[in-house]
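Below: one structure, written as structure tokens.
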Amino acid sequence: MNTLGLKQLNYLEVIRFALAETRNVKLTYRYSYALATNFRPLSDYRTNIAAVKQRLTVLVGGKDELFYPEQFSSVFDSTEAKVISIADVNHVGMILSPAAINTAVAQLAAKTAPE
142 MNTLGLKQLN YLEVIRFALA ETRNVKLTYR YSYALATNFR PLSDYRTNIA AVKQRLTVLV
202 GGKDELFYPE QFSSVFDSTE AKVISIADVN HVGMILSPAA INTAVAQLAA KTAPE
């Protein structure tokens, strides 16, 4: 429908994950169409990567089961991007594990520090 210019329904839920809904867990249980499409790369992702004009650090879990962490370096090898694989962290662990959170915070602090 978006191809036809009809975007009024993008708020509707298109995927629901098999998770128990509790207020103590920092996970999204369902995605609207708008949210789901926001997470996917564009068709020509290499052009998008090449268009980045600022310092870029890419974090990936070393045990990510949705992506191929060992291929991230080759995808970004034509750029100045820094790729960091966080050992023993899976896909969801990238937002939940202390190792991933600490690495992300350290990288952000390094990027925002005055040069």
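Take 142 as the starting number for the sequence shown in my numbering and just add one per residue. Note that the Cβ used here is the ideal one computed from N, Cα and C, for glycine as well.
{"query": "How is Leu237 classed by DSSP in three states: helix, strand or coil?", "result": "helix"}
{"query": "Leaving out five residues on either side along the sequence, give the residues of the same chain with a beta carbon under 6 Å from the beta carbon of Lys223.", "result": "Thr198"}
{"query": "Just to confirm my understanding: we take Glu221, look at its own chain, exclude 5 residues before and 5 after, and list those with CB closer than 8 Å. What are they?", "result": "Arg196, Leu197"}
{"query": "Where does Val216 sit, in a helix, a strand or coil, going by DSSP?", "result": "helix"}
{"query": "What are the start and end residues of the beta strand (DSSP E) that includes Thr198?", "result": "198-202"}
{"query": "Around the Cβ of Ile156, are there at least 16 other Cβ atoms within 10 angstroms (buried) or fewer (exposed)?", "result": "exposed"}
{"query": "Can you give me the C-alpha to C-alpha distance between Ala175 and Ser226, rounded to a whole angstrom?", "result": "28 Å"}
{"query": "Less than 8 Å between the beta carbons of Val230 and Ala241, yes or no?", "result": "yes"}
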